[in-house]
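Residue numbers (our numbering): 497 to 679. The C-beta atom is built at its ideal place from N, Cα and C for all residues, glycine as well. Here is the structure we will look at.
So this is what it looks like as structure tokens:
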């Protein structure tokens, strides 16, 4: 029995320790940004793109209004991850999110990194042209972008605490987030 327990112990201590699936390394207008740049802060993260006609501007408006209602907004970093890096260059991306609130950070990455990150969050996105799925590097002129519309609240330890739909209004979001920030 002791030999069995010893073998089990050795097996488990030799297993790799997996990082939080919510860790990230992305690009912003000032260079590389990772989740570790926000030690001790909560992160409110959403995926989208700057030419989104309705969902993204609505979500960013609600987030900006939420920031105005929070007692301790400095404890929260809002991140908008562009899933359309072909059209959303870093300067345009930061200008876009800055329109809603200067505290929102616009980030992006290459297609494969974005796909992996979205998958870790349970988010989806893709590209279509004339009704057919297309993927980089073969994105034809006039392709469309589709995406899920969820916003994720992460703890300072990068645990997922809450998921908000695009229909959640800023008063509700501020109330929920505010409870965490008071801790």
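Buried versus exposed, by CB contacts within 10 Å (16 or more), residue 602: Here the question's residue 602 lines up with position 106 in the chain shown. Label assigned to residue 602: buried.
Pairwise C-alpha distance: residue 668 and residue 556: Residue numbering aside, residue 556 sits at position 60 when the chain shown is read from its first letter. Residue numbering aside, residue 668 sits at position 172 when the chain shown is read from its first letter. Looking at the two C-alpha atoms, the distance is approximately 15 Å.
Pick from 598, 670 and 641 that is closest to residue 546, judged by C-alpha positions: Taking the first residue of the chain shown as 1, we reach residue 546 at position 50. Out of 598, 670 and 641, 641 has the C-alpha closest to the C-alpha of residue 546.
C-alpha gap between residue 584 and residue 676, whole angstroms: For the purposes of this step, residue 584 is identified with residue 88 of the chain shown, where counting begins at 1. For the purposes of this step, residue 676 is identified with residue 180 of the chain shown, where counting begins at 1. Rounded to the nearest angstrom, the two C-alpha atoms are 32 Å apart.
Residue from 631, 662 and 637 with nearest C-alpha to residue 606: Position 110 of the chain shown holds residue 606. Considering only alpha carbons, the answer is 631.
Contact set for residue 588: own chain, Cβ-Cβ below 8 Å, skip 5 residues either direction: The sequence position of residue 588 within the chain shown is 92, counting from 1. Answer for residue 588: 546, listed in chain order.
The region 571 to 578 in contact with the region 529 to 541 per 3-pair CB rule at 8 Å: yes
CB contact flag (residue 565, residue 666, <9 Å): Mapped onto the chain shown, residue 565 falls at position 69. Mapped onto the chain shown, residue 666 falls at position 170. Their beta carbons are under 9 Å apart, which means residue 565 touches residue 666 by this criterion.
Expected contact under 8 Å - CB spacing of residue 531 and residue 523 to nearest Å: Sequence index remark: in the chain shown, residue 531 carries index 35 (1-based). Sequence index remark: in the chain shown, residue 523 carries index 27 (1-based). Wrong, their Cβ atoms sit about 14 Å apart, outside the cutoff.
Residue 615 versus 543, 629, 525 and 526, residue with shortest Cα-Cα distance: If you number the chain shown from 1, residue 615 lands on position 119. Nearest C-alpha to residue 615: 543.
Start and end residues, alpha helix (DSSP H) containing residue 588: The residue given as residue 588 occupies position 92 in the chain shown. Note, residue 588: alpha helix (DSSP H), 586 to 596.
Residues that residue 642 bridges to, as DSSP identifies them: Residue mapping note: residue 642 aligns to position 146 of the chain shown, counting from 1. BP columns for residue 642 point to 622.
Range covered by the beta strand (DSSP E) that runs through residue 674: Taking the first residue of the chain shown as position 1, residue 674 is located at position 178. Residue 674 -> not in any beta strand (DSSP E); alpha helix (DSSP H) instead, spanning 666 to 677.
Where residue 562 falls: helix, strand or coil (DSSP): Numbered from 1 along the chain shown, position 66 holds the residue referred to as residue 562. Looking at residue 562 - three-state DSSP - the assignment turns out to be helix.
Residue from 581, 679, 624 and 586 with nearest C-alpha to residue 527: One-based indexing of the chain shown puts residue 527 at position 31. Minimum Cα distance to residue 527 is reached at 586.
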